[in-house]
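*Asks:* Residue numbers for the sequence shown follow UniProt numbering, beginning at 1 and rising by one.
Here it is, the structure in full.
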Amino acid sequence: MSQPHSSKPTSTIFSSVPSPQWTLLFLLFLCTVGFYTLHLPNSAAAFSNVRDALRFRNIYLSFATNSTVSAYLRALTLHPHLAGTHPALQTARFVHSHFADLGLRTHTVDYRALLSYPLHASLSAHSSDGSSRELPLVEPGGAGAEVVRPYHAYSPSGVVTGAQAVYVNLGREEDYRALRRVGVDVKGCVAVVRRGEESRGGVVGRAAEEGAVAVLMYTEGESMSGVERGTVMKGLGDPLTPGWGGVEGGEALDLEDSQILNRFPKIPSMPISPEVAYSILRSLEGPQMPHHWRDDALGPQPGRVGPGPTLLNFTYQAEKKIATIHNVFAIIRGSEEPDRYVLLGNHRDAWTYGAVDPNSGTAVLLDIARRYALMMRQGWQPRRTIVLCSWDAEEFGMIGSTEWVEQNLLNLGSKVVAYLNVDCAVQGPGFFAGATPQLDNLLIEVAKKVQDPDSESMTIYDNWMITNKVINIQRLSGVDSDFAPLLQHAGVPSVDLYYGRDFPVYHTAFDSYDWMTNHGDPLFQRHVAVAGVWGLLALHLADDPILPFNYVSYTEQLWNYTNLLRNLVKGNVSLHPITASIQELASAAEEAEGEAKKLREEERNSEFLVLKKRALNDRLMLAERGFLDADGLQGRQWFKHLVYGPRGDSESKLIFFPGIADAISASTRMKRKEGEAAIQHEIWRVARAIERASSALRGGIFTEK
Ligand SMILES: *[C@@H]1O[C@H](CO)[C@@H](O)[C@H](O)[C@H]1NC(C)=O
Ligand SMILES: *[C@@H]1O[C@H](CO)[C@@H](O)[C@H](O)[C@H]1NC(C)=O
Numbered sequence: 001m002s003q004p005h006s007s008k009p010t011s012t013i014f015s016s017v018p019s020p021q022w023t024l025l026f027l028l029f030l031c032t033v034g035f036y037t038l039h040l041p042n043s044a045a046a047f048s049n050v051r052d053a054l055r056f057r058n059i060y061l062s063f064a065t066n067s068t069v070s071a072y073l074r075a076l077t078l079h080p081h082l083a084g085t086h087p088a089l090q091t092a093r094f095v096h097s098h099f100a101d102l103g104l105r106t107h108t109v110d111y112r113a114l115l116s117y118p119l120h121a122s123l124s125a126h127s128s129d130g131s132s133r134e135l136p137l138v139e140p141g142g143a144g145a146e147v148v149r150p151y152h153a154y155s156p157s158g159v160v161t162g163a164q165a166v167y168v169n170l171g172r173e174e175d176y177r178a179l180r181r182v183g184v185d186v187k188g189c190v191a192v193v194r195r196g197e198e199s200r201g202g203v204v205g206r207a208a209e210e211g212a213v214a215v216l217m218y219t220e221g222e223s224m225s226g227v228e229r230g231t232v233m234k235g236l237g238d239p240l241t242p243g244w245g246g247v248e249g250g251e252a253l254d255l256e257d258s259q260i261l262n263r264f265p266k267i268p269s270m271p272i273s274p275e276v277a278y279s280i281l282r283s284l285e286g287p288q289m290p291h292h293w294r295d296d297a298l299g300p301q302p303g304r305v306g307p308g309p310t311l312l313n314f315t316y317q318a319e320k321k322i323a324t325i326h327n328v329f330a331i332i333r334g335s336e337e338p339d340r341y342v343l344l345g346n347h348r349d350a351w352t353y354g355a356v357d358p359n360s361g362t363a364v365l366l367d368i369a370r371r372y373a374l375m376m377r378q379g380w381q382p383r384r385t386i387v388l389c390s391w392d393a394e395e396f397g398m399i400g401s402t403e404w405v406e407q408n409l410l411n412l413g414s415k416v417v418a419y420l421n422v423d424c425a426v427q428g429p430g431f432f433a434g435a436t437p438q439l440d441n442l443l444i445e446v447a448k449k450v451q452d453p454d455s456e457s458m459t460i461y462d463n464w465m466i467t468n469k470v471i472n473i474q475r476l477s478g479v480d481s482d483f484a485p486l487l488q489h490a491g492v493p494s495v496d497l498y499y500g501r502d503f504p505v506y507h508t509a510f511d512s513y514d515w516m517t518n519h520g521d522p523l524f525q526r527h528v529a530v531a532g533v534w535g536l537l538a539l540h541l542a543d544d545p546i547l548p549f550n551y552v553s554y555t556e557q558l559w560n561y562t563n564l565l566r567n568l569v570k571g572n573v574s575l576h577p578i579t580a581s582i583q584e585l586a587s588a589a590e591e592a593e594g595e596a597k598k599l600r601e602e603e604r605n606s607e608f609l610v611l612k613k614r615a616l617n618d619r620l621m622l623a624e625r626g627f628l629d630a631d632g633l634q635g636r637q638w639f640k641h642l643v644y645g646p647r648g649d650s651e652s653k654l655i656f657f658p659g660i661a662d663a664i665s666a667s668t669r670m671k672r673k674e675g676e677a678a679i680q681h682e683i684w685r686v687a688r689a690i691e692r693a694s695s696a697l698r699g700g701i702f703t704e705k
C-alpha cells in the first residue's frame with residue numbers, strides 16, 4: 001500500500017509536544033495504517049455497497065409498524081422504574097433480552113453511583129385566623145403505592161417551623177430585585193417559586209443565597225394535582241466520581257467530601273402541585289404581585305407576594321444511597337470500518353411510568369433494533385459500527401451516559417462519528433430537531449424521506465416547513481439530555497429529535513401508557529416517524545462512504561452568532577480574531593466539500609482512494625473536537641465545548657459561545673477596562689477553538705500554500 005509516511009517524524013513531534021491533540025492524531029494515524037493493511041475491500045464490492053446501502057434504507061422504511069412500538073411501550077411502562085430500584089433492573093433486563101433475542105451482540109456496563117430518594121415529607125400551613133391545615137405532597141388517583149412520592153433528588157433533609165411563605169415568581173435575580181424594590185426580604189422565609197427555564201438546582205441555590213430557608217416549587221400548566229419531580233444537583237454525572245467513570249472498585253470520593261456537598265443545595269426543597277401552590281399564594285398579604293408574575297390559574301384576586309401572614313411547617317427527610325446503575329448496549333459491527341462508531345442513545349430510567357419521558361424513545365430504539373436485525377438477515381451489515389445505547393440514571397443528572405463518556409473519553413474522541421439522541425420521542429404534535437450544524441443538511445434530506453405522521457400526503461420536511469416557514473434546527477447548548485456529555489464534554493457531533501414542544505404530565509405519576517394512547521400519540525404514528533428519521537440518520541452515517549458532514553453550514557451559523565455578538569460588545573473589544581478564524585474555517589470547509597464531492601463521484605476504489613476517503617472522513621469527524629478546550633468554561637471546567645454549552649448566568653440571552661456570554665455578564669460587575677479585557681480573552685479562546693476546527697478539517701500540520 002502506498003502510505004508515504006514513516007512513523008518517525010510523527011513520533012518526534014509527539015514526544016516533543018505531548019498535548020492531547022497530538023496524542024489523538026498519532027493514535028488515528030496508527031489506526032488508519034493498521035486498519036487498512038488488514039481490510040482492503042475490492043473495488044466491485046465497495047461499489048455495490050453504495051447501491052446496497054440505498055436499497056437497505058428503503059427496506060428499513062418498509063419495515064415500519066406502529067403495533068411493535070406500542071407493544072414495546074406497554075411492556076416498558078407496566079411499572080415505575082426509577083434508577084437504582086429493582087423494577088429499574090428488570091427494565092434493563094427487558095431491553096437486554098430484546099436485543100439478545102434479535103441476535104444482536106449485547107453488552108451491559110454497570111456503575112456505582114450516588115443516588116437520592118425520599119423517606120418522609122410533610123407540609124402544613126397556619127393562617128392568620130389561627131386555623132391550620134395539612135397540605136398534600138403526594139398525587140391523588142393515578143399514583144399507586146409503587147410510584148415514588150414527589151421529591152427533589154439530592155435535596156438535603158431539613159425541618160422548618162413557623163416560617164413565613166413568600167412568592168418569588170421564577171426565582172431569578174431580577175425577581176429578587178423586584179421584591180427588594182417593594183421592601184420584601186425573603187430571609188428566614190419559605191420561597192414559593194414557579195418553575196421557569198433555569199435549572200432547579202440554580203433556583204434553589206439562589207434562594208439560599210437570598211436567605212430563604214426552604215423552597216417549594218410548582219409548575220404552571222401541569223395538571224392541577226400533578227407534581228414535577230426532578231434533580232437539584234449541579235453539574236453532570238455521579239458526584240462520587242467527578243471527571244472519571246464510577247466503576248466498581250475504582251476511586252470514589254468520601255461522602256462528606258466538600259466537592260460532593262458543593263453540588264447540592266444548602267436548603268431543602270420540594271416540588272408541589274399547582275393546587276397546593278395556589279392555596280398558599282391566595283393566602284398571602286403584603287405588596288401586590290407585578291402583573292406578569294401572575295399565572296391565570298391563580299384566580300381573580302390581584303395576588304400578593306407576602307411574606308406571610310401564612311406560616312408554614314415543612315419537613316423533609318432524604319436518603320442518599322450508593323446504587324448500581326446499568327447501561328445496556330447493542331452492537332452491530334461494521335464490515336469495513338469496525339473501529340468507527342455511530343451511536344444512537346436514549347435513557348431508560350424514569351421518575352414514574354415514563355411513557356413519554358423517556359420510554360417513548362426507548363420503544364423507538366427497540367423498534368430500530370428490530371428493523372436492523374431484520375435487515376441483517378437479508379444480508380445487510382453497516383460499513384461502520386452502530387451502537388444502540390440505553391442509558392440509566394439520566395434523571396438524576398445524566399449519570400449513566402456521563403460515566404460512560406468519562407470512562408471512554410479517548411476512544412470516543414478518536415473513533416465516534418456522531419451521537420444521535422432521543423429522550424422523549426413523543427410528547428405531542430410537531431417535529432422538533434436539534435443538531436450541531438454540520439449535520440443540518442443530512443437532517444433535512446432525511447426529513448424529506450419520512451412520511452409525516454399527521455398529514456397523509458406530506459413528508460416530515462413538508463409539514464416542518466409549513467409550520468415554521470423556515471427549517472428551524474435548534475442548537476444543543478442545554479444540558480437537558482444525554483447529548484450533553486457526548487457533545488459538550490467529548491466534542492462528538494450530535495443530534496436530538498422529538499415530537500411535541502412539551503406535555504402537561506412531565507415528571508408526574510400521570511406520565512403513563514394511558515396518557516400516551518389518550519393524548520400523546522393515539523395511533524403511534526409519531527413514534528413511527530421518529531423511528532424513520534432516527535434510523536435513517538444512523539444508516540447514512542454508518543453506510544455513506546464519505547461522511548455526510550457539511551462544515552459550510554457550521555461556518556454560516558458561526559457568522560450568524562458573530563453578528564449577534566456585534567450588538568452586545570462595546571468599547572475596545574474587537575471581534576476580529578473570531579471573524580478571521582471563521583474566514584479560515586469557511587475556506588477549509590469549502591475545500592473539504594470539494595474534496596468530498598470528488599470522492600463521492602469517484603467510482604474506482606483503489607487502495608489509494610480508500611485511504612484518501614478514510615483520511616477525509618477522519619478530518620470531518622475530528623473538526624468538531626477542535627471546539628473543545630482543555631481548560632473548559634471558567635468556573636465549570638467539565639464543559640469543554642466553547643461554541644455550545646450552558647451559560648453560567650441565567651439572565652444572559654446568548655445560547656452560543658457560553659464563555660463569551662459569561663464574560664459579558666461578569667463585565668457589568670467590573671471596572672470597564674477589566675471587563676473588556678475579560679471579554680476579549682474569551683473572544684480569543686473561541687477564535688483559537690475555531691482555528692483548531694479548521695486545522696483538523698484541513699488535516700495538515702503545516703499549511704500548504
Ligand atoms: C408547627 O410546628 C410548631 C413547632 O414545632 C408546632 O408548635 C405546631 O403545632 C406545628 N403545627 C402543625 C399544624 O403541625
Ligand atoms: C396503527 O395505525 C393504524 C393506521 O393509522 C391504526 O388503524 C391502528 O390502530 C394503529 N395501531 C396502534 C397499535 O396504534
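Note that the Cβ used here is the ideal one computed from N, Cα and C, for glycine as well.
Give the C-beta separation of L82 and W515 to the nearest angstrom, bearing in mind that I take them to be a contact with Cβ-Cβ under 8 Å.
*Replies:* Position 82 of the sequence shown, counted from the start, is the residue given in the question as residue 82. Position 515 of the sequence shown, counted from the start, is the residue given in the question as residue 515. About 18 Å separates the two Cβ atoms, so there is no contact after all.
*Asks:* Identify, in the order they occur along the chain, each residue of the same chain with its Cβ nearer than 6 Å to the Cβ of A330, setting aside the five sequence neighbours on each side.
*Replies:* Against the sequence shown, residue 330 aligns to sequence position 330. Here the set comprises F99, L104, T106, A369, L388.
*Asks:* Could you check if F524 belongs to the surroundings of ligand 2, using beta carbon to heavy atom distance under 6 Å?
*Replies:* Locating residue 524 in the sequence shown gives position 524, counting from the first residue. Checking every heavy atom of ligand 2 against the Cβ of F524, one is found closer than 6 Å.
*Asks:* Within the region 362-404, note down every full beta strand (DSSP E) run reaching 3 residues or more, in order along the chain.
*Replies:* 384-391
*Asks:* Is it a yes or a no for the region 155-165 touching the region 301-318, going by three-plus beta-carbon pairs under 8 Å?
*Replies:* yes
*Asks:* CB of T161 to nearest heavy atom of ligand 1: below 6 Å?
*Replies:* The sequence position of residue 161 within the sequence shown is 161, counting from 1. Yes, the beta carbon of T161 sits closer than 6 Å to at least one heavy atom of ligand 1.
*Asks:* Can R619 and L536 be called in contact, C-beta distance under 7 Å?
*Replies:* In the sequence shown, residue 619 corresponds to position 619, counting from 1. In the sequence shown, residue 536 corresponds to position 536, counting from 1. No.
*Asks:* Can you give me the start and stop residues for the alpha helix (DSSP H) that Q451 sits inside?
*Replies:* Looking up residue 451 in the sequence shown gives position 451. Unbroken run through Q451: none, as it is neither H nor E.
*Asks:* Any contact between the region 179-197 and the region 660-679? By contact I mean 3 or more CB pairs, one from each, below 8 Å.
*Replies:* Output reads no: the region 660-679 does not touch the region 179-197.
*Asks:* Please determine, among A531, I690, N49, N518, the residue with the shortest C-alpha to C-alpha distance to S335.
*Replies:* For the purposes of this step, residue 335 is identified with residue 335 of the sequence shown, where counting begins at 1. Shortest Cα-Cα distance from S335 to any of A531, I690, N49, N518 involves N49.
*Asks:* In whole angstroms, give me the CA-to-CA distance for E406 and A484.
*Replies:* Numbered from 1 along the sequence shown, position 406 holds the residue referred to as residue 406. Numbered from 1 along the sequence shown, position 484 holds the residue referred to as residue 484. Looking at the two C-alpha atoms, the distance is approximately 12 Å.
*Asks:* Mind checking whether V505 and G226 have CB atoms under 7 Å apart?
*Replies:* Numbered from 1 along the sequence shown, position 505 holds the residue referred to as residue 505. Numbered from 1 along the sequence shown, position 226 holds the residue referred to as residue 226. Yes. Within cutoff.
*Asks:* Within its chain, find whatever has a CB closer than 6 Å to the CB of V573; leave out the 5 residues flanking it on each side and keep chain order.
*Replies:* Within the sequence shown, residue 573 is the residue found at index 573, counting from 1. For V573, where only same-chain residues beyond five positions count, the Cβ hits under 6 Å are E676, I679, Q680.
*Asks:* Quick check on G243: buried or exposed, where buried means 16 or more other Cβ atoms within 10 Å of its Cβ?
*Replies:* Position 243 of the sequence shown, counted from the start, is the residue given in the question as residue 243. The residue is exposed, with fewer than 16 neighbouring Cβ atoms inside 10 Å.
*Asks:* Since K640 contacts L628 with CB under 8 Å, what's their CB separation in whole angstroms?
*Replies:* Translated into the one-based positions of the sequence shown, residue 640 becomes position 640. Translated into the one-based positions of the sequence shown, residue 628 becomes position 628. Confirmed, about 4 Å.
*Asks:* Could you tell me the distance, in whole angstroms, from the CA atom of S70 to the CA atom of S587?
*Replies:* As a working mapping, residue 70 is identified with position 70 in the sequence shown. As a working mapping, residue 587 is identified with position 587 in the sequence shown. The alpha-carbon atoms of S70 and S587 are separated by roughly 48 Å.
*Asks:* Out of curiosity, what's the CA-to-CA distance linking T10 and A615?
*Replies:* Reading the sequence shown from its first residue, position 10 is the one you call residue 10. Reading the sequence shown from its first residue, position 615 is the one you call residue 615. Any reading at T10 is ruled out, since the residue's pLDDT is 30, under 50, leaving its predicted position unreliable.
*Asks:* Look at the alpha carbon of W638 and the alpha carbon of R51, and state the distance between them as a whole number of angstroms.
*Replies:* Within the sequence shown, residue 638 is the residue found at index 638, counting from 1. Within the sequence shown, residue 51 is the residue found at index 51, counting from 1. So the two alpha carbons sit approximately 43 Å from each other.
*Asks:* Which two residues bound the contiguous alpha helix (DSSP H) that contains T597?
*Replies:* Reading the sequence shown from its first residue, position 597 is the one you call residue 597. Here residue 597 turns out to be Lys, not Thr, going by the sequence shown. First-last of the alpha helix (DSSP H) with K597: 576-601.
*Asks:* Closer than 8 Å is the cut-off here; do at least three beta carbon pairs connect the region 390-404 with the region 343-358?
*Replies:* yes
*Asks:* Does the beta-carbon of N66, which I'm using as the reference point, lie nearer than 6 Å to any heavy atom of ligand 2?
*Replies:* As a position in the sequence shown, residue 66 is number 66, starting the count at 1. Remark: the shortest separation between the CB of N66 and any heavy atom of ligand 2 falls under 6 Å.
*Asks:* Is N463 helix, strand or coil by DSSP?
*Replies:* Reading the sequence shown from its first residue, position 463 is the one you call residue 463. It is helical.
*Asks:* Fully enclosed by the region 109-139, which alpha helix (DSSP H) runs are 4 residues long or longer?
*Replies:* none
*Asks:* Which ranges does the beta strand (DSSP E) cover as unbroken runs of at least 3 residues, wholly within the UniProt domain "PA" (165-223), from first to last along the chain?
*Replies:* 190-194, 214-218
*Asks:* In or out: G84 buried (at least 16 other Cβ within 10 Å) or exposed?
*Replies:* Locating residue 84 in the sequence shown gives position 84, counting from the first residue. G84 comes out buried.
*Asks:* Contact defined as beta carbons within less than 8 Å: I believe R206 pairs with K234. What is the distance between those atoms, to the nearest angstrom?
*Replies:* Position 206 of the sequence shown holds residue 206. Position 234 of the sequence shown holds residue 234. Not really, about 12 Å apart at Cβ, beyond 8 Å.
*Asks:* From the DSSP output, which residues share a beta bridge with T161?
*Replies:* As a first step, residue 161 is located in the sequence shown; it is residue number 161 there, counting from the start. In the DSSP output, where bridge partners are listed per residue, T161 has none listed.
*Asks:* Put F99 into one of helix, strand or coil per three-state DSSP.
*Replies:* For this step, residue 99 is matched to residue 99 along the sequence shown. The answer is helix: DSSP assigns F99 an H, G or I state.
*Asks:* Excluding sequence positions up to five away, which residues of its chain have a Cβ less than 6 Å from the Cβ of Y461?
*Replies:* For the purposes of this step, residue 461 is taken as the residue at position 461 of the sequence shown. Contacts found: A447, K448.
*Asks:* Could you check if L365 is buried or exposed, using at least 16 other CB atoms within 10 Å of its CB as the buried criterion?
*Replies:* Translated into positions along the sequence shown, residue 365 becomes position 365. Classification of L365: buried, given that the 10 Å Cβ count is 16 or more.
*Asks:* For residue 790 versus D110, is the C-beta distance shorter than 7 Å?
*Replies:* The chain is shown from 1 up to 705; residue 790 falls before or after that span and cannot be answered.
*Asks:* Taking DSSP as the reference, what is the three-state secondary structure of K612?
*Replies:* In the sequence shown, counting from the first residue as 1, residue 612 sits at position 612. If DSSP states are grouped into helix, strand and coil, K612 belongs with the helices.
*Asks:* In or out: G700 buried (at least 16 other Cβ within 10 Å) or exposed?
*Replies:* Reading the sequence shown from its first residue, position 700 is the one you call residue 700. G700 should be labelled exposed.
*Asks:* Once the 5 residues before and after R298 are set aside, which same chain residues still bring their CB inside 8 Å of it?
*Replies:* As a first step, residue 298 must be located in the sequence shown, where it is residue number 298. With the sequence shown as reference, residue 298 is identified as Leu, and Arg is not the correct amino acid for it. Y278, L281, R282.
*Asks:* Give every residue of the same chain whose Cβ lies closer than 7 Å to the Cβ of S455, excluding the five residues on either side of it in the sequence, and list them in chain order.
*Replies:* Stepping through the sequence shown from its first residue, residue 455 is reached at position 455. N463, listed in sequence order.
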